[in-house]
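In my numbering, the protein residues as written are 3 to 197. Every residue gets a Cβ at the ideal spot worked out from N, C-alpha and C, and that includes glycine. The structure displayed is predicted, hence computed values, not measured ones. Take a look at the structure set out below.
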Ligand SMILES: Cc1cc2nc3c(=O)[nH]c(=O)nc-3n(C[C@H](O)[C@H](O)[C@H](O)COP(=O)(O)O)c2cc1C
């Protein structure tokens, strides 16, 4: 039995969109003994992040969506940010989830940074434009966030599409999905650290 647990954090503002379709195509290739958990951020709305870092300790949440997302994050060996490309970056749902990581980093007794170190962050995104370079800000956000936490980074699986289902016509993306999670991702490095 594999000890790996993949958490798919779905950041689209609609269900069953291109990002989720592509993420599910990649997930189909995971071995059967790898646990998968899928959470739509829109179904578990997080409050706006309040920055208390320099005033007081962030208190561990109880009985709300922040606790649900925190527990799911801590349980996962692999976190897959499946966010559509919105204004060249991650969606607002996704960004709010990442902002909460800053609170978790300051939660006393949690050791969030130490616990995340060595785990793997992956990305899946769909975008309407054909030129994939326009997704570089999203890729940079995820790469640098992984580097900040000492995580591994598996890269971003990109697919093209506008209306739901379009990504099924992107043969390159579907081919890449087949092996995406099979890689052994390296520790993330900031661009200024890369040789
Ligand atoms: C708020 C918003 C912003 C978007 N911004 C971009 C963008 O910057 N570049 C792009 O190529 N497509 C953009 N799109 C198109 C979506 O990325 C595209 O429709 C994608 O398939 C949506 O993913 P989903 O089907 O998983 O929801 C945007 C769509 C929305 C709703």
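Nearest-angstrom beta carbon gap, residue j and residue i [assumed within contact, 8 angstroms]
i: residue 155; j: residue 107; result: Between residue 107 and residue 155 the Cβ distance is about 18 angstroms, and since that is not below 8 angstroms, they are no contact.
i: residue 149; j: residue 190; result: 4 angstroms
i: residue 96; j: residue 19; result: In fact, because the Cβ distance is near 13 angstroms, the residues do not count as touching under 8 angstroms.
i: residue 31; j: residue 184; result: 7 angstroms
i: residue 43; j: residue 68; result: With 8 angstroms as the limit, residue 43 and residue 68 do not qualify as a contact, their Cβ atoms being about 12 angstroms apart.
i: residue 170; j: residue 87; result: Wrong, their Cβ atoms sit about 18 angstroms apart, outside the cutoff.
i: residue 29; j: residue 38; result: 6 angstroms
DSSP three-state assignment for residue i, whether helix, strand or coil
i: residue 38; result: strand
i: residue 95; result: helix
i: residue 183; result: helix
i: residue 109; result: strand
i: residue 154; result: strand
i: residue 60; result: strand
i: residue 32; result: coil
i: residue 100; result: helix
i: residue 54; result: coil
i: residue 160; result: strand
i: residue 48; result: coil
i: residue 176; result: helix
i: residue 43; result: helix
First and last residue of the uninterrupted beta strand (DSSP E) at residue i
i: residue 20; result: Taken as a continuous stretch (DSSP letters only), residue 20 belongs to no beta strand (DSSP E), being part of the alpha helix (DSSP H) at 20 to 29.
i: residue 80; result: 80 to 84
i: residue 123; result: 122 to 129
i: residue 169; result: From DSSP, residue 169 is part of no beta strand (DSSP E); its letter is neither H nor E.
i: residue 9; result: 7 to 12
Nearest candidate by alpha-carbon position, reference residue i, set the options
i: residue 35; options: 98, 6, 52; result: 6
i: residue 102; options: 90, 63, 4; result: 63
i: residue 180; options: 121, 160, 129, 112; result: 160
i: residue 111; options: 69, 59, 157; result: 59
i: residue 138; options: 94, 89, 173; result: 89
i: residue 2; options: 163, 61, 145, 187; result: This structure leaves residue 2 out entirely; the chain is present only between 3 and 197.
i: residue 142; options: 125, 133, 129, 115; result: 125
i: residue 117; options: 134, 85, 94, 80; result: 80
i: residue 70; options: 151, 168, 47, 92; result: 47
Residue range of the unbroken alpha helix (DSSP H) whose run includes residue i
i: residue 142; result: 138 to 150
i: residue 75; result: 67 to 77
i: residue 116; result: 114 to 118
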